[in-house]
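Engineer:
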Amino acid sequence: MTDTRTTTHDAEDDPRNRDLLIYVNGTLLPRDQAMVSVYDSGFMLGDGMWEGMRLYNGKWAFFDEHMDRLFDSCRAVSLDIGMDRQGILDALTLTAEANGMTDDVHCRLMVTRGVKLRPFQHPSLSRSGPTVVIIMEHSKPANTLTKKGIRLATVPQVRGLPMSQDAKYNSHSKLNCVIACLQAEQAGADEALMLDPFGFVNTTNACNFFIVRRGEVWTSTGDYCMNGVTRAKVIEICRREGIPVFEKNYSLVEAYAADEAFLTGTFGAQTPVSHIDGKAIGTNGGRGPVMDRIARHYRALVQENTA
Ligand SMILES: Cc1ncc(COP(=O)(O)O)c(C=O)c1O
Numbered sequence: 081m082t083d084t085r086t087t088t089h090d091a092e093d094d095p096r097n098r099d100l101l102i103y104v105n106g107t108l109l110p111r112d113q114a115m116v117s118v119y120d121s122g123f124m125l126g127d128g129m130w131e132g133m134r135l136y137n138g139k140w141a142f143f144d145e146h147m148d149r150l151f152d153s154c155r156a157v158s159l160d161i162g163m164d165r166q167g168i169l170d171a172l173t174l175t176a177e178a179n180g181m182t183d184d185v186h187c188r189l190m191v192t193r194g195v196k197l198r199p200f201q202h203p204s205l206s207r208s209g210p211t212v213v214i215i216m217e218h219s220k221p222a223n224t225l226t227k228k229g230i231r232l233a234t235v236p237q238v239r240g241l242p243m244s245q246d247a248k249y250n251s252h253s254k255l256n257c258v259i260a261c262l263q264a265e266q267a268g269a270d271e272a273l274m275l276d277p278f279g280f281v282n283t284t285n286a287c288n289f290f291i292v293r294r295g296e297v298w299t300s301t302g303d304y305c306m307n308g309v310t311r312a313k314v315i316e317i318c319r320r321e322g323i324p325v326f327e328k329n330y331s332l333v334e335a336y337a338a339d340e341a342f343l344t345g346t347f348g349a350q351t352p353v354s355h356i357d358g359k360a361i362g363t364n365g366g367r368g369p370v371m372d373r374i375a376r377h378y379r380a381l382v383q384e385n386t387a
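Okay, so the sequence shown: first residue is 81 according to the numbering used here, each after it adds one.
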């Protein structure tokens, strides 16, 4: 049976991904032998942080911004990565070279609190030092993503307040987002559009969310969503190019009536949203001239950053 489901991280099938080498604490292992302990804090509790990055022209796009987010999050949860930025860059380079990768690569860099002495929560039981894993895949976002767009459903699961689990942690534990995604699937959509605790439109379970209304670009205030690197770049591009952009509270009434809607994330850059709660967005599958213009500038920015 063919799986016809769409996700925001659909990639073109690449047979080279069957024989990848994965970095596990300094060692490169074939993907079927790359493992971590069942006592690992990441496996046991979701106690770890990760970054998704893209390699173009042998360089990691927006590396500094990704490292700022990773180091800030790890600092906030007293997780010592055990290496500095250069150490991480060296590990990434080692993995990319071992896999013969220079372009169209997506990487998931994961750092956990390491192996625990006993299977309980207390962080002091994690004594091994961090576990660092790097998975790199040959990765081109599937064409269907931009052609078909993504169907979102709003869900009961909301983004939390920062004093519960701050949405700015790119933590291994994504249960809040996973629950939202399940709810969206059960409602017949591809992924979830999540509201903030006050009912304003916030973000999706895996990407940041933008709408375009009468030539203006709107996104949430940023208070309850991931501080996405792509989100920040889109806002930067709009400001630079004179496209009116607003980080503001808005409701579903305004989202349903948008001319265009799109998601942002490192994996897919900008992905149109064709439907929200079964309502078609705009007249062209959610896509339109404003997103296309932003996407063109984003591609140029990536090129400039990785030249
Ligand atoms: C919940 C969530 N929102 C948005 C993003 C997109 O962030 P970025 O643009 O930095 O890839 C991510 C990616 O990690 C995410 O997990």
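Don't be surprised by glycine CBs; every beta carbon is placed ideally from N, CA and C.
(1) Quick check on P203: does DSSP put it in helix, strand or coil?
(2) What does the alpha-carbon distance come out to for the pair C187 and P236?
(3) Can you tell which of V370, T211, C154, D357 has the C-alpha that lies nearest to the C-alpha of Q263?
(4) Can you name the residues that DSSP bridges to D120?
(5) Is C187 close to ligand 3? I mean its beta-carbon at under 7 Å from any heavy atom of the ligand.
(6) What is the DSSP secondary structure of E265, reduced to helix, strand or coil?
(7) Only counting the same chain, and skipping five residues up and downstream in sequence, which positions put a Cβ closer than 8 Å to that of Q245?
(8) Work out the CA separation of E145 and R231 for me, nearest whole Å.
(9) Is it right to say E327 is buried, meaning 16 or more other beta carbons lie within 10 angstroms of its own, or is it exposed?
(10) Roughly how many angstroms lie between the CA atoms of G314 and P352, to the nearest whole one?
(11) Is the distance from the Cβ of T346 to the Cβ of T310 below 8 Å?
(12) Just tell me which of V213, T211, R193, V212 has its CA closest to the CA of S204.
(13) Could you give the DSSP three-state label for S331: helix, strand or coil?
(14) Quick check on the DSSP output: the alpha helix (DSSP H) that includes V309 runs from which residue to which?
(15) Taking DSSP as the reference, what is the three-state secondary structure of Q350?
(16) Runs of 3 residues minimum, wholly inside the segment 96–168: which ones carry the beta strand (DSSP E) assignment?
(17) Could you tell me the alpha carbon to alpha carbon distance between E321 and W298, rounded to whole angstroms?
(18) Tell me whether N282 counts as near ligand 1, meaning its Cβ is closer than 7 Å to at least one heavy atom of that ligand.
(19) For G138, does the count of other Cβ atoms within 10 angstroms reach 16, so buried, or fall short, so exposed?
(20) Across the segment 216–225 and the segment 169–189, are there enough close Cβ pairs to call them in contact, namely three or more that are closer than 8 Å?
(21) Would G302 be called buried (16 or more neighbouring beta carbons within 10 Å of its own) or exposed?
(22) How would you call V281, buried or exposed, if buried means at least 16 neighbouring beta carbons within 10 angstroms?
(23) Have a look at N223 and M163 and give me their C-alpha separation to the nearest angstrom.
(24) Please check the pair D276 and V238, which I expect to be a contact at CB under 8 Å, by giving their CB distance rounded to whole angstroms.
(25) Determine, for P324, whether the minimum Cβ-Cβ distance to residues of chain D falls below 8 Å.
(26) A247 lies in the alpha helix (DSSP H); which residues open and close that run?
Structural biologist: Reading from the atomic positions:
(1) helix
(2) 31 Å
(3) D357
(4) V195
(5) Of the ligands this structure carries, namely ligand 1, none is ligand 3.
(6) helix
(7) The residues are S251, S253, N256.
(8) 29 Å
(9) That one is exposed.
(10) Residue identity differs from the one stated: residue 314 is Val in this sequence, not Gly. Straight-line Cα distance between these residues: approximately 14 Å.
(11) yes
(12) The residue with the shortest Cα to Cα distance from S204 is R193.
(13) coil
(14) Counting along the chain, the alpha helix (DSSP H) containing V309 begins and ends at 309–321.
(15) Three-state DSSP puts Q350 in a strand.
(16) 101–104, 107–110, 128–136
(17) As the crow flies, the alpha-carbon of E321 is around 15 Å from that of W298.
(18) Ligand 1 has no heavy atom closer than 7 Å to the beta-carbon of N282.
(19) Classification for G138: exposed.
(20) Touching, yes.
(21) buried
(22) buried
(23) 37 Å
(24) Yes, they are in contact, since the Cβ atoms of D276 and V238 sit about 6 Å apart, within 8 Å.
(25) Of the protein chains in the structure, only one exists, and it is not chain D.
(26) No alpha helix (DSSP H) contains A247, which DSSP labels as neither H nor E.
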